[in-house]
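> Numbering (numbering that gives the first Met the number 0), first residue to last: 0 to 504.
Before I ask anything, let me first share the structure, which is written out below as structure tokens.
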Amino acid sequence: MILLTARIAALPRWALMLLALALGGAGALAHDPFAIGPVIFVPLVAGFVLLGTASTVRQALLRGWALGAGYFALTLTWITEPFQVDAATTGWMAPFALILLALLLGSFWAGALALAQWAGGQAWIIALTWTSAEMLRAYIFTGFPWATPVQALIDVWAGQGLAWLGPHGLTLILMALIAAAMSVPRGKAVWAVPVIIIAAVGFVPVADRPVSDSGHTVRLIQPNAPQDEKWDPENIPTFVNRQIDFTAAAGTPDLIIWPETALPYLAENAQVVFDVIGEAARGVPVVLGIQRREDEDYFNSLIVLDEAGQIVQTYDKHHLVPFGEYMPAEWLFRHINVGGLAERAEGGYAAGPGPQLLDFGAMGTALPLICYEAVFAHDVGRAPERPAFLMQLTNDAWFGVRSGPQQHFAQARMRAIEQGLPMVRAANTGISAVIDPKGRVTASLGLNVAGYLDAALPAPGAVTLYARTGDVPWALALLLGLMVTVLRRARARRALGIDERKPGA
Numbered sequence: 000m001i002l003l004t005a006r007i008a009a010l011p012r013w014a015l016m017l018l019a020l021a022l023g024g025a026g027a028l029a030h031d032p033f034a035i036g037p038v039i040f041v042p043l044v045a046g047f048v049l050l051g052t053a054s055t056v057r058q059a060l061l062r063g064w065a066l067g068a069g070y071f072a073l074t075l076t077w078i079t080e081p082f083q084v085d086a087a088t089t090g091w092m093a094p095f096a097l098i099l100l101a102l103l104l105g106s107f108w109a110g111a112l113a114l115a116q117w118a119g120g121q122a123w124i125i126a127l128t129w130t131s132a133e134m135l136r137a138y139i140f141t142g143f144p145w146a147t148p149v150q151a152l153i154d155v156w157a158g159q160g161l162a163w164l165g166p167h168g169l170t171l172i173l174m175a176l177i178a179a180a181m182s183v184p185r186g187k188a189v190w191a192v193p194v195i196i197i198a199a200v201g202f203v204p205v206a207d208r209p210v211s212d213s214g215h216t217v218r219l220i221q222p223n224a225p226q227d228e229k230w231d232p233e234n235i236p237t238f239v240n241r242q243i244d245f246t247a248a249a250g251t252p253d254l255i256i257w258p259e260t261a262l263p264y265l266a267e268n269a270q271v272v273f274d275v276i277g278e279a280a281r282g283v284p285v286v287l288g289i290q291r292r293e294d295e296d297y298f299n300s301l302i303v304l305d306e307a308g309q310i311v312q313t314y315d316k317h318h319l320v321p322f323g324e325y326m327p328a329e330w331l332f333r334h335i336n337v338g339g340l341a342e343r344a345e346g347g348y349a350a351g352p353g354p355q356l357l358d359f360g361a362m363g364t365a366l367p368l369i370c371y372e373a374v375f376a377h378d379v380g381r382a383p384e385r386p387a388f389l390m391q392l393t394n395d396a397w398f399g400v401r402s403g404p405q406q407h408f409a410q411a412r413m414r415a416i417e418q419g420l421p422m423v424r425a426a427n428t429g430i431s432a433v434i435d436p437k438g439r440v441t442a443s444l445g446l447n448v449a450g451y452l453d454a455a456l457p458a459p460g461a462v463t464l465y466a467r468t469g470d471v472p473w474a475l476a477l478l479l480g481l482m483v484t485v486l487r488r489a490r491a492r493r494a495l496g497i498d499e500r501k502p503g504a
């Protein structure tokens, strides 16, 4: 490894930066739609190697930035899809959105490598700084933990560690294993064998075993309404009637779930439609996504209709999508009048009060999640009390027909493992599914399929360690580790007679 690092360090700077971009981009193969999980080691190991090639903080920063930008640019290509729905107005923004997002998220990896270089450059230090950067990415500026490296572990036994460690604890363990392998002394390669064995065992696929049944059945409705047709007045009757027909189909589910914004009306104006839905459901409660207005505020909501088609419970989405559901710094975009964004700054949704539970009687309570809210492990963990199941309503038509919906679905499976709870998921264009407490898919409707699915609701699993602790222990451990790292550096520099306060020190 030392020889490899030396050869890479000898490359011209421009070639080294291109190599970093390419190695980061290779990591996209670890995620859907390719889902070649072990490939996630390519960008991660590359980060350790690139740190070894850097002799200054600036070099580590730039190489880490190139690595991260390559990883996020190719993994998140779906981010261009929402801008193509109204291509005449916002299509021009698509490439800029992808590039800027890749650079922004890549800056977290850049900071991790730069801080590790500043603190001494040892492998164990970057394990701390990189995990800290990933945790920071999940929280800062409302957070965006999409494509975290451990998302690639969802289908293998290592992914079950989410139940014990959560996403950040599992990230730290993954980084620590790489650090251990990278720290093997020259000529002692046999010392890396235990690490390799652990990694190999971790990538054994999760066994498909029988699932404990709750004794209840859910019906998931998937109308398959493309985003550019969903609000078209000529197409609205087709999609609304399709969902009503699926609701009225033969069978006796205990709960019927429609996707996010399933009806193109405000809740206060839709009672006539609710009456029809109630009749079609034949006494079964229906959950559906809809927009609603309260005073001057609009909410992205879901409602529960009883057997008479009356609203009996309401939940308002609280974790909104920046630029999609609200405009940060809207005063700025109004002032500079950027086409498309300036218009959006005038509207947007208000945020709901936070996580809450819905009561479904004998089925127990459910924690509702609208679309993007299932991306955040810490939000799911903020439920007032433990529910019987998780319930996600989403409109993944915004994400296109390839990687976006599949990656979003992978994150829903992560939340099920972390909490040890089943997840029921109704998606407009797919993937609608029932997920068991181990993250295994027990029934599903694929992408771009119109239909409905009746499936048994799995029973909840045991309370997981992560559900009890959340991220706090890992945040404290990382903070302590970083403090020790900074103190060690300061002590080492004092031993060398370097005054930190002097310019250029």
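All C-beta atoms in this analysis are idealised placements derived from N, C-alpha and C, irrespective of residue type, glycine included.
Report the three-state DSSP secondary structure of Met422 (helix, strand or coil).
Strand, per DSSP.
> If you run the structure through DSSP and keep just helix, strand and coil, what is Asp453?
Strand, per DSSP.
> Which value, in whole angstroms, describes the spacing of the CA atoms of Gly429 and Ser300?
Going from the Cα of Gly429 to the Cα of Ser300 covers about 19 Å.
> Assign Phe33 to buried or exposed, taking buried as 16 or more other Cβ atoms, counted over all protein chains shown, within 10 Å of its Cβ.
Exposed, because fewer than 16 other Cβ atoms sit within 10 Å of the Cβ of Phe33.
> On a CA-only basis, which of Ile39, Val155, Ala93 is nearest Ile177? Give me that one, please.
Closest by alpha carbon: Ile39.
> Quick check: Val379 and Leu389, are their CB atoms within less than 8 Å of each other?
Contact flag set, yes.
> State the DSSP-derived secondary structure class of Met509, mapped to helix, strand or coil.
No answer is possible for residue 509: it lies beyond the span of the chain, which begins at 0 and ends at 504.
> Do you know whose CA, among Asp244, Leu17, Asp253, Pro404, lies nearest Asp358's CA?
If we check each option's Cα against that of Asp358, Asp253 comes out closest.
> Just to confirm the assignment, what range does the alpha helix (DSSP H) spanning Glu278 have?
It spans 270-280 - the alpha helix (DSSP H) in which Glu278 sits, taken as one unbroken run.
> Given this structure, state the Cα-to-Cα distance separating Gly363 from Gly63, to the nearest angstrom.
Going from the Cα of Gly363 to the Cα of Gly63 covers about 47 Å.
> So, using beta-carbon positions, are Leu164 and Ile172 closer together than 8 Å?
Going by C-beta atoms, Leu164 is nearer than 8 Å to Ile172.
> Need the endpoints of the alpha helix (DSSP H) that Tyr70 sits in, please.
Note, Tyr70: alpha helix (DSSP H), 56-74.
> Can you name the start and end residues of the beta strand (DSSP E) that Val311 belongs to?
Element bounds for Val311: 310-315.
> If we count the other Cβ atoms within 10 Å of its Cβ and call it buried at 16 or more, is Pro502 buried or exposed?
Note that Pro502 scores 49 on pLDDT, short of 50, meaning its location in the model is unreliable and no value can be drawn from it.
> If I'm right that Phe107 touches Leu66 with Cβ under 8 Å, what's the distance once you round it to whole angstroms?
That pair is no contact at about 11 Å.
> Out of His317, Leu446, Arg412, which has the shortest C-alpha to C-alpha gap to Ala382?
The option with the nearest alpha carbon to Ala382 is His317.
> Which one or two residues does DSSP pair with Ile220 in a beta bridge?
Bridge partners of Ile220: Tyr451.
> Under 7 Å Cβ to Cβ from Pro42, same chain only, skipping five residues before and after it: list those, please.
Here the set comprises Leu22, Gly23, Ala25, Gly26, Leu66, Tyr70.
> Any idea what DSSP makes of Gly480, helix, strand or coil?
In the structure shown, Gly480 sits in a helix (DSSP, three-state: H, G or I).
> Return helix, strand or coil for Ile434, following the three-state DSSP convention.
Here Ile434 sits in strand by DSSP.
> With distances taken from CA atoms, which of Pro436, Leu169, Ala157, Thr89 is nearest Pro204?
Among Pro436, Leu169, Ala157, Thr89, the Cα nearest to that of Pro204 belongs to Ala157.
> Assign Glu293 to one of three DSSP states: helix, strand, or coil.
Reduced to three states, the DSSP call for Glu293 is strand.
> Look up His215 in the DSSP assignment and give the residues it is bridged to.
The partner list for His215 (beta bridge, DSSP) reads Leu456.
> On the criterion of 16 or more Cβ atoms from any shown chain inside 10 Å, does Gly338 qualify as buried, or is it exposed?
Note that Gly338 scores a pLDDT of 45, beneath 50, so its modelled location is shaky; the value from the coordinates is reported in the next line. It is exposed - the Cβ of Gly338 has fewer than 16 other Cβ atoms within 10 Å.
> Between which two residues does the beta strand (DSSP E) carrying Ile256 extend?
Residues 254-256.
> So what's Thr364 in DSSP terms, helix, strand or just coil?
Three-state result, Thr364: strand.
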